[in-house]
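Colleague:
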Amino acid sequence: MAVFTDTFQVKTKGFCDAVDITDKVQTSIDKSGINDGIALVFIAGSTAGITTIEYESGAISDLKRTIEELVPQNREYRHNLRWGDGNGFSHIRSAIIQTDLSVPFADRKLLLGTWQQIVLLDFDNRPRNRKVVVQVIGE
Amino acid sequence: MAVFTDTFQVKTKGFCDAVDITDKVQTSIDKSGINDGIALVFIAGSTAGITTIEYESGAISDLKRTIEELVPQNREYRHNLRWGDGNGFSHIRSAIIQTDLSVPFADRKLLLGTWQQIVLLDFDNRPRNRKVVVQVIGE
Amino acid sequence: MAVFTDTFQVKTKGFCDAVDITDKVQTSIDKSGINDGIALVFIAGSTAGITTIEYESGAISDLKRTIEELVPQNREYRHNLRWGDGNGFSHIRSAIIQTDLSVPFADRKLLLGTWQQIVLLDFDNRPRNRKVVVQVIGE
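Chains as they are written, first to last, in the numbering used here: chain H, 1083 to 1221; chain W, 1083 to 1221; chain D, 1083 to 1221.
#1: Quick check on the DSSP output: the beta strand (DSSP E) that includes L1203 of chain H runs from which residue to which?
#2: Tell me which residue opens and which closes the beta strand (DSSP E) that I1125 of chain H is part of.
#3: Mind checking G1170 of chain D: buried by the 16 CB within 10 Å criterion, or exposed?
#4: Could you work out which residues of chain W lie near A1184 of chain D, taking near to mean beta carbons separated by less than 7 Å?
#5: Take G1096 of chain D and list the residues in its own chain whose beta-carbon comes closer than 7 Å to its own, dropping the five residues that flank it on each side.
#6: Can you list the residues of chain H that Q1198 of chain D reaches, using a CB-CB cut of under 8 Å?
#7: So is G1220 of chain W buried or exposed if we call it buried at 16+ other beta carbons inside 10 Å?
#8: Using the beta-carbon count (16 or more within 10 Å), is E1136 of chain D buried or exposed?
#9: On the three-state DSSP scale, how would you describe L1163 of chain D?
#10: Can you name the residues that DSSP bridges to D1099 of chain H?
#11: How would you label R1212 of chain H, buried or exposed, when you count the other beta carbons within 10 angstroms and need 16 or more for buried?
#12: Can a CB atom of chain D be found closer than 9 Å to the CB of Y1159 of chain H?
#13: In three-state DSSP terms, what is Q1155 of chain H?
#14: Is it the case that the stretch 1155-1173 of chain H contacts the stretch 1122-1139 of chain H, given that we only count it when at least three CB pairs across the two stretches are under 8 Å?
#15: Residues of the stretch 1135-1151 of chain W with a CB closer than 8 Å to any CB of chain D: list them in chain order, please.
#16: Excluding five sequence neighbours on each side, which residues of the same chain lie with their C-beta closer than 7 Å to the C-beta of Q1180 of chain H?
#17: A1188 of chain W CB to nearest chain H CB: under 9 Å?
#18: Does DSSP put S1114 of chain W in a helix, in a strand, or in coil?
#19: Report yes or no: is there a C-beta of chain D within less than 9 Å of the C-beta of L1202 of chain W?
#20: Looking at C-alpha atoms only, which residue of H:F1187, H:R1147, H:I1178, H:T1134 is the closest neighbour of T1148 of chain D?
#21: DSSP three-state label for T1134 of chain D, please.
#22: How many angstroms separate the CA atom of A1141 of chain H from the CA atom of R1164 of chain H?
#23: Closer than 8 Å between beta carbons: that is the criterion. Which residues of the stretch 1102-1126 of chain W meet it against chain D?
#24: Does the Cβ of S1110 of chain W have 16 or more other Cβ atoms within 10 Å, making it buried, or fewer, making it exposed?
#25: Does any C-beta atom of chain D lie closer than 9 Å to the C-beta of T1133 of chain W?
#26: Looking at the C-beta of G1096 of chain H, does it have a partner C-beta in chain W at a distance below 9 Å?
#27: Taking V1201 of chain W and D1112 of chain W to be in contact with their CB atoms under 8 Å, please state how far apart those CB atoms are, rounded to whole angstroms.
#28: Below 8 Å CB to CB, which residues in the same chain sit around D1189 of chain D once its five sequence neighbours on both sides are set aside?
#29: Within 10 Å of its beta-carbon, does S1139 of chain W have 16 or more other beta-carbons around it, so buried, or fewer, so exposed?
#30: By the criterion of Cβ-Cβ separation under 7 Å, what are the contact partners of V1085 of chain H in chain D?
#31: Since T1133 of chain W and L1183 of chain W should fall inside the 8 Å C-beta cutoff, what is the C-beta to C-beta distance between them, to a whole number of angstroms?
#32: With distance defined between alpha-carbon atoms, name the residue in D:S1143, D:V1214, D:V1123, D:Y1159 nearest to R1160 of chain H.
#33: Which of helix, strand or coil does DSSP assign to Q1217 of chain W?
#34: Using DSSP bridges, identify the partner residues of Q1091 of chain D.
#35: So which of W:R1157, W:V1123, W:M1083 has the shortest CA-CA distance to T1090 of chain W?
#36: If you draw a straight line from the alpha carbon of N1162 of chain H to that of G1168 of chain H, how long is it in whole angstroms?
Structure representation (structure tokens):
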């Protein structure tokens, strides 16, 4: 039984940019030498999120539209009054979608569906260089 | 310390069908022989979700109404233009609700509330036979 | 490798009260003696949730507004017809935000962002004394 803590960087454009990080998470498992367990994918930050979706341009576009409708960018947020950085909407989107995702793996392979990818969503209002943590635990 | 990978099948009707899978997850823990740890409940697919709710017909009906309001079925989705299978709404609902749920257990019992059940939500637009993975990890 | 099950109590005011529980989760890790692993934060109940957000009054106020807009308190819920306790909205909010959050830790420290706190949201319609479970697993 072992724990392997891996991190990798992802450059994003912000504004709900969606980046497929499935291969990077699989690489973390490969590096860990662990055969079966849980890969916890976590982004240390309060303006991004992690989820799964079929990573094709139509579904990504649909997801962005829904998120914009549920938590619109252009309205007043009290967070903005405090800090003036204008990313109040980013914080709320992150709190709703959330920054953690746990995926099981067996025989060193992520147990995802055929059309299911792990996606980093960057809700911030500027390009970012994100650090993603993958905590691999198992045996 | 050990990892036990279990899977079970669930037949659903699609269209936000909600199935109580608490007993099946508890059975996975029973089979594992692990006393204390984490049960990661995961659905390998991009048109379903896992959450907890009090599994009674009123609350389930309320949840379905809210999901329909947040991500309506009958509107245009770009995903549909690509594939023509008409389940664009299913993908977005899955990305929002998400496909993973981690529940702690101790003394071989899930640490759920009295009125809290683990529920599979099938967002697809047709009946499905779903495979649920339970990754049990602990000692 | 070890599992350490900890619990702590949190008094809340209900009605989307948001309580920063980051220090309490860190204390659970401290008590566990485990250096690296996963802290699963879970609330055993069907009318509360766990997420992360920058815990400052503006962002918290914005989050409460969004949750009220997505799942309004003052409308008819079928759950209320059944039980008469008037907290149908609380159940739906809990099912959407969800009751689990997994956070990685290394060298005995939670790997959170600088402005990212772990927050208990109590969606119930009255003050509650909540029990939070922290399942610490690692080595």
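Even glycine gets a Cβ: it sits at the ideal position worked out from N, Cα and C.
Modeller: Based on what the coordinates show:
#1: 1199-1204
#2: 1119-1125
#3: buried
#4: As written in the sequence, residue 1184 of chain D is Ser, which differs from the Ala given in the question. Under the 7 Å cutoff, chain W gives S1184.
#5: D1204, D1206, N1207, R1208, P1209, R1210
#6: A1126, G1127, S1128, T1181
#7: buried
#8: buried
#9: helix
#10: H:D1204
#11: buried
#12: yes
#13: coil
#14: yes
#15: I1135, E1136, E1138, S1139, G1140, A1141, S1143, D1144, L1145, T1148
#16: G1131
#17: no
#18: helix
#19: no
#20: H:I1178
#21: strand
#22: 35 Å
#23: D1118, G1119, I1120
#24: buried
#25: yes
#26: no
#27: About 20 Å; that fails the 8 Å criterion.
#28: N1117, D1118
#29: exposed
#30: D1118, G1119, G1220, E1221
#31: 6 Å
#32: D:S1143
#33: strand
#34: D:K1213
#35: First, the residue type needs correcting, since residue 1090 of chain W is Phe and not Thr in the sequence shown. That would be W:V1123, whose Cα lies nearest to the Cα of F1090 of chain W.
#36: 5 Å
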